[in-house]
Structures are given as structure tokens and as C-alpha cells.
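With positions in the sequence shown counted from 1, the corresponding number in the working numbering is that position plus 126. To start, the structure under review is shown below, and the notes come after it.
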Amino acid sequence: MYICVCKGIKESDVRSLGREGITCPKLLASTLGINDKDSCCGRCLKNVSNFVTIAIDERARSQSSVEA
Ligand code: FES
127 MYICVCKGIK ESDVRSLGRE GITCPKLLAS TLGINDKDSC CGRCLKNVSN
177 FVTIAIDERA RSQSSVEA
């Protein structure tokens with residue numbers, strides 16, 4: 127599912143970054159190239175907390191599967 131139509135970022139892209147431990151808002155935004163008004167239409171900057179939630183969720187899921 128696309129969560130950024132401008133750059134074609136999929137939810138799976140954010141989950142992949144989460145598995146790599148990239149969960150902080152600034153690092154996620156810069157890695158995805160949505161970190162400023164020149165590179166983002168505004169929609170993703172406004173919703174970066176949703177990206178963080180997805181990344182943290184995936185990070186927790188990957189860590190629990192390693193521990194099991
Ligand atoms: S929807 Fe993500 S930069 Fe526009």
C-alpha cells in the first residue's frame with residue numbers, strides 16, 4: 127500500500143526501515159527524502175508520526191520474532 131503518492135513510498139518501505147532500527151522521525155524523514163518543504167508536498171511531513179508508528183511497530187515485531 128502506498129503511503130506517499132509523490133515519491134511512491136510503500137508501507138513495506140517504512141517497515142523495512144523499522145527493521146533496520148530507523149524509527150526516529152527526523153531520520154525516517156531524511157532517509158525517505160521527505161524531510162523538508164522542498165522535497166515534500168507537505169502531506170508526509172504532516173503525517174510523519176504515522177510513519178514512525180509503522181516503523182516502531184515493525185521494529186518491535188522483528189525483535190520479538192528473533193527472541194522467540
Ligand atoms: S505525499 Fe509524500 S511527499 Fe507528497
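Even glycine gets a Cβ: it sits at the ideal position worked out from N, Cα and C.
Got a sec: does ligand 1 put a non-hydrogen atom nearer than 7 Å to the Cβ of residue i?
i, result
"Val-131", "yes"
"Cys-201", "This structure does not reach residue 201, given that the chain is present from 127 up to 194, and the question cannot be answered."
"Ile-180", "no"
"Ile-160", "yes"
"Cys-150", "no"
Need the endpoints of the beta strand (DSSP E) that residue i sits in, please.
i, result
"Cys-130", "128–130"
Please determine, among the options, the residue with the shortest C-alpha to C-alpha distance to residue i.
i, options, result
"Thr-179", "Gly-159, Val-140, Lys-163, Asn-161", "Val-140"
"Gln-189", "Cys-166, Gly-168, Ser-142", "Ser-142"
"Asn-173", "Glu-146, Lys-152, Ser-138, Ile-148", "Lys-152"
Would you kindly report the start and end of the unbroken alpha helix (DSSP H) that includes residue i?
i, result
"Asp-183", "174–193"
"Lys-152", "151–158"
"Asp-139", "137–145"
Using the C-alpha atoms, what's the distance from residue j back to residue i?
i, j, result
"Asp-183", "Asn-176", "11 Å"
"Ile-160", "Glu-193", "33 Å"
"Leu-154", "Ser-191", "23 Å"
"Ala-181", "Asp-164", "24 Å"
"Thr-157", "Gly-168", "16 Å"
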